[in-house]
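Residue numbers (our numbering), protein chains in the order written: chain A, 13 to 228; chain B, 60 to 649; chain C, 2 to 261. We put the CB at the ideal spot given by N, CA and C, even for glycine. All values reported here derive from a predicted model rather than from experimental measurement. Working notes, structure below.
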Amino acid sequence: MGMSGSITHDIIQGPPRPPVEGGWEGGGGGGFEGRGAFRRASFTGLFVMLAASTMLFAAFTSAMVVRRGLSDDWASMAKPPILLLNTAILLASSLALDLARRALKSRNRARFNGWWTAGTTLGLLFLCGQALAWSQLNAAGVFISSNPSSSFFYVLTFAHAIHLLGGVTALLYVDVQAWRLRLGPAKRTVIDISAIFWHFLDGLWLYLMVLFYVWG
Amino acid sequence: MSAPTHLAHQAPQGFIRKYVFSLDHKVIGIQYYFLGLFSVFLGISLSLLMRFHMVNPEAKVSWFAHLWPTSAAGGMMSPELYLSLMTMHGTIMVFFVLTTVPQSGFGNYFLPLQIGAEDMAFPVLNMLSFWTTFLALVVMVSAFFVQGGAPLSGWTAYPPLSAAGRITGPGQGMGQTLWIASIAIFCGASLMGAINFIATTVDLRCKGMRLMRMPLTCWTWLVTAILALLGFAVLLAAGLLLILDRTVGTSFFIPGGLMISDQIIANHKGGSPLLWQHLFWFFGHPEVYIAILPGMGVTSHLLATFARKPVFGYKAMVYAILSLGFLGFLVWGHHMFMSGMNPYSAMAFSVLTMAIGVPSAIKTFNWIGTLWGGQIHFTAAMMFALGFVSLFVTGGLSGIFLGQPALDLYFHDTYFVVGHFHMIMGVAAIFGMFAGTFYWFPKMFGKMMNETLGKIHFFATFIGVYCIFMPMHFVGIAGTPRRYSDFSNVEYLAPLMPVQRFMTHAAYFTAAVQILFLINLFWSLWKGPKAPMNPWNSTSLEWTVPSPPPFDNFAGVHPVVNHGPYEFSVPGAPTDFIMQTDPPSVTSES
Amino acid sequence: MLLAPVIWILTAIIAYFFAAKTWWFPPPINAHGIAYDQQFMRTLIVTGVIFVLAQCALGWVIFRFRDRGRPASHNHGNDRLETVWTSATALLFLGLVLTGTKIWANVHFDQPPADAIPIEVLGKQFAWSFRYPGPDGKFGHTDLKFVNDSAANPFGLDDKDPAGKDDIVSASLKIPAGKPIKLIMHSRDVIHNFFVRELRMKQDIVPGMEIPLSFQADTVGVYEVPCSELCGLGHFQMRTTMQVMSPADFEQWKIEKAQK
């Protein structure tokens with residue numbers, strides 16, 4: 013693989029394997045237990061990344077709260093109803109991924125592949141639904157610069173969609189690798205990581221929906 | 060499936076994979092170091108031009124006209140050119156030097172070595188973060204070459220000046236847009252770096268390397284990474300909002316009722332310039348600690364090594380680092396006492412700001428405690444570490460004035476502030492980098508640097524920076540506002556011109572002696588005597604491997620740590636230092 | 002080793018210039034300024050003592066514990082000492098903040114008296130304007146569309162509004178000595194900052210906000226007002242003056258100004 017590596021390469025293969033057969037036994041603070049260490053590091057990396065994303069959205073949220081409180085020009089925008097459908101799709105995709113992981117635990121590859129593909133498809137569908145929501149808003153004359161309410165709607169949903177694009181890429185990657193039998197019950201770090209990231213995006217979306225409908 | 064062989068960790072062949080798109084943390088560390096070295100000399104050059112203009116505002120220099128045909132037409136530097144130089148000096152120094160070298164440069168190279176790991180946790184991500192930083196620098200420097208030139212709104216880019224576009228001044232068009240884009244790219248790079256640093260420190264420590272056995276350098280890199288993670292995410296959000304205000308006509312930061320250059324700005328209303336300041340300084344204050352913490356780590360490490368004594372109060376030092384990191388997020392408002400924010404919140408920010416003086420004081424006391432009763436070896440590296448302590452005290456104490464809103468009523472945006480942050484965040488951090496360079500150069504390049512030249516460079520620089528930045532406090536007390544390209548319009552500034560001229564000459568001198576450093580660096584790289592494995596009799600893990608270390612750091616033999624990081628002059632031990640990897644039997648203490 | 006005397010000499014030079022006050026504040030012109038200078042001196046003494054002690058101690062350990070072939074002592078620290086100096090610094094720093102609280106409160110929390118003279122301050126790239134309500138005590142209505150800098154109407158006074166007929170617009174600030182003043186500050190474009198050294202006061206003027214600042218000046222004289230927040234390429238030129246006049250002179254000035 014060498015230079016053809018990518019970020020997913022890191023997540024799958026993780027940090028260097030122990031140079032000696034048998035690995036580096038037990039650690040002081042953590043130490044190196046071969047594959048266990050890179051699995052742990054991958055999870056740490058994931059959660060650290062989620063912390064960064066959380067800060068990004070926290071910053072947007074606090075900007076929104078401040079901007080809304082300061083001005084008298086805030087006019088709550090009408091939310092396109094398709095958002096509710098999108099929410100349902102995203103929740104369903106998360107559910108499908110979870111069912112897939114359960115199948116993986118019971119070592120049922122075929123069922124895993126099925127559910128995972130379903131989840132991935134729903135994820136793509138959500139992105140299409142979002143594109144539809146934006147175009148509906150555009151058609152209704154609600155643009156990013158129309159009002160602070162719509163500005164924040166576009167900024168937050170777009171930032172979420174960028175995250176989601178990354179998530180879908182990971183899901184697709186897992187899907188392809190799983191069909192090719194490159195990933196499976198014995199090698200599931202990347203599966204777990206993509207699924208956790210996806211659940212995070214799911215929760216983030218629910219949070220954004222509450223934010224829009226209550227304060228937006 | 061068969062386990063994939065870890066090709067990323069076999070030594071790569073070929074120039075490109077070995078030295079350009081390398082996955083090796085050591086190569087990436089060196090790449091960051093040289094990126095920072097280029098940036099620091101660029102930043103110094105810009106500051107010399109500024110210092111020249113401040114004392115010779117009318118001077119005509121023919122090559123200025125060649126460099127900047129419009130903004131220095133006829134060879135005379137325009138006020139907007141001065142402000143562009145100032146903005147770029149601040150930005151390049153803060154982001155591409157102070158953030159890049161101590162953390163991404165030395166940290167990348169030495170964190171895995173010091174904790175006994177073969178590489179960073181995510182080597183590809185590591186490579187990406189370097190090249191993203193490189194891209195950010197290219198975009199930043201390109202702002203000089205677009206129409207209108209580089210932006211003139213300072214490294215803090217306060218809106219509306221930074222948000223309303225070209226109408227607010229030359230450089231506020233394309234130049235400012237590129238500036239924000241570069242900062243956003245830099246944020247991405249820093250986030251990638253932070254993920255790597257944290258995961259590596261948490262999960263890849265070798266056997267026996269408990270957290271409380273990590274060298275203080277590793278602690279500072281870890282806390283710095285956490286600060287970068289949380290801070291740069293917020294700056295990224297702020298930058299995106301600012302760029303939207305500029306390009307698609309949103310009003311996050313631009314209020315209504317503006318009239319700029321006789322034009323009524325009709326398409327913006329309701330935005331808050333203070334919102335930007337809050338978001339910016341929420342990042343900006345932790346950024347100060349991003350710049351200085353690794354320097355503190357290196358200083359602690361070196362004082363112990365060259366005084367041949369354990370760090371005084373290792374635990375207190377760790378807690379001080381942690382509380383600096385934590386409090387660093389609670390004090391951003393002290394940059395905004397005069398901004399028009401709620402004066403009651405200023406009181407809260409001020410108490411928290413004074414609280415941050417406490418861990419800083421702990422560090423200073425402990426450094427002196429470390430030296431006390433030691434056997435101090437005056438290597439060039441040690442000189443810079445000692446210089447760091449002196450500068451840190453000087454720069455820190457002026458913060459006690461600025462942290463009080465009452466006194467900031469006068470000092471805000473005067474040269475007192477400029478003197479303060481250059482002392483502590485600028486030169487103190489740079490002394491940390493010099494100390495790190497002299498200390499680690501043998502490990503990084505397998506050659507020794509010239510000690511005599513290093514000491515001459517140290518003394519000239521140490522005296523030089525005091526001569527540049529100490530008088531700034533005095534002209535600040537006399538009321539000199541910062542970011543003035545020319546002092547001739549304010550009458551009370553005229554009697555201070557001799558001091559300004561003194562500072563300019565001190566700056567010329569100090570910049571000139573940096574050539575000694577460059578000569579030392581490159582000469583030693585080429586002709587320096589070969590470095591042994593452990594030239595300084597240090598204890599940490601990087602000194603247990605050859606200089607420079609092999610591709611996978613520990614050549615397949617993974618270290619086991621049995622001792623704390625600073626076991627110097629242990630009674631009864633055969634030598635005055637116990638390596639962290641020495642067998643436990645060397646001493647009864649662990 | 003050589004470093005020790007270098008640190009001592011630098012410390013001595015710096016301490017000398019702080020003590021000699023070679024480059025210093027101008028004399029204050031009101032009670033706030035006097036209180037400010039006291040707080041500054043308190044802080045200077047505390048930090049000055051710490052500065053001299055810390056630098057001298059640093060020089061001393063460098064000199065005393067230079068390598069003379071004697072092995073270093075081995076100890077990992079002293080928790081009691083650690084606690085003592087931590088709490089000492091905490092108390093000292095906190096004390097300093099608290100002593101300065103009143104000065105800040107006087108500037109920002111106290112409401113100006115009802116008879117304070119209101120003056121509107123306008124900052125724009127790169128000039129200052131000041132507006133007095135005139136004998137009727139009322140500011141006239143303004144609108145950006147009436148703004149005409151070359152016709153001396155930077156505020157955009159609406160000439161249809163009778164309240165604005167007697168408004169006085171000036172390019173420099175004139176105030177009577179010993180009377181409370183209430184500035185109402187606006188910016189038309191970017192952030193500016195109103196700063197008068199002798200008042201020991203400074204305040205950002207943020208577009209979209211109305212920022213009050215109240216004070217009183219007791220000493221007659223002319224004081225400079227340099228813009229102190231980066232506002233663009235002409236930042237360094239954005240200067241005006243504040244003239245403190247005797248109340249009689251001030252009244253005279255207003256009458257003359259109104260006749261023009």
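query                                                                                                  : result
Chain-ordered residues of the segment 174-188 of chain B with a beta carbon less than 8 Å from chain A : A176, E177, D178, M179, A180, F181, P182, V183, L184 and L187
Neighbourhood of A16/C by C-beta, 8 Å cutoff - its chain only, sequence neighbours within 5 removed    : G49, F52 and V53
CB contact check: V293/B to chain A, cutoff 8 Å                                                        : yes
F80/B versus M186/B - alpha carbon distance                                                            : 7 Å
Beta-bridge pairing of D205/C - partner residues as DSSP gives them                                    : N194/C
Chain B contacts made by the segment 230-245 of chain C, where a contact means CB separation under 7 Å : E230, L231, C232, G233, L234, G235, H236, F237, Q238 and R240
For T56/A and C246/B, the rounded distance between their alpha carbons                                 : 20 Å
Three-way DSSP call (helix, strand, coil) for G42/A in this model                                      : Confidence at G42/A is low in this model, with a pLDDT of 41, below 50, so the placement of that residue is unreliable and no value is reported for it.
Simplified DSSP state of H532/B, which is helix, strand or coil                                        : helix
Three-state secondary structure assigned by DSSP to K374/B                                             : helix
According to DSSP, residues forming a beta bridge with E225/C                                          : T242/C
Burial state of N159/A, where buried means 16 or more other Cβ atoms lie within 10 Å                   : buried
For P210/B and F204/B, the rounded distance between their alpha carbons                                : 11 Å
Neighbour list for H109/C in chain B, Cβ cutoff strictly below 7 Å                                     : P402
8 Å Cβ cutoff, V282/B in contact with chain A                                                          : no
Neighbour flag for R542/B against chain C, beta carbons, 8 Å                                           : yes
Proximal residues to Y625/B (C-beta, below 6 Å), its chain only, five neighbours per side dropped      : A363, P369 and V370
Residue range of the unbroken beta strand (DSSP E) whose run includes R132/C                           : A128 to Y133
Reduced DSSP secondary structure (H/G/I, E/B, other) of T143/C                                         : strand
Chain-ordered neighbours of L338/B on chain A, where CB pairs are closer than 7 Å                      : A71 and A75
Short-range partners of chain B found in the segment 57-71 of chain A, where Cβ spacing is below 7 Å   : G57, V60, M61, A63, A64, M67, L68 and A71
Neighbouring residues, chain C, relative to Y217/B (Cβ below 9 Å)                                      : V191, I192, E230 and L231
Coarse secondary structure for V154/A, derived from DSSP in three states                               : coil
Against chain B: residues of the segment 179-213 of chain A by CB proximity under 7 Å                  : L193, R194 and K199
Opening and closing residue of the beta strand (DSSP E) in which K125/C lies                           : I118 to K125
L299/B and A243/B closer than 8 Å at C-beta                                                            : yes
Identity of the residues DSSP links to G196/A by a beta bridge                                         : K199/A
Distance CB(P138/B)-CB(T259/B) smaller than 8 Å                                                        : no
Backbone secondary structure at S163/B - three-state DSSP                                              : helix
Nearest residue (CA-CA) to S54/A, options V197/B, A565/B, D262/B and F627/B                            : D262/B
Anticipated Cβ contact below 8 Å, G343/B with H394/B, distance rounded                                 : 7 Å
Range of the contiguous alpha helix (DSSP H) that encloses L109/A                                      : I94 to K117
Helix, strand or coil at Q434/B according to DSSP, with G and I counted as helix                       : coil
Any chain A beta carbon closer than 8 Å to D467/B                                                      : no
Y219/A (DSSP reduced to helix, strand or coil)                                                         : helix
Whole-Å CB distance - V671/B paired with W431/B, under 8 Å assumed                                     : A question about residue 671/B goes unanswered here, because the residues of chain B that appear run from 60 up to 649.
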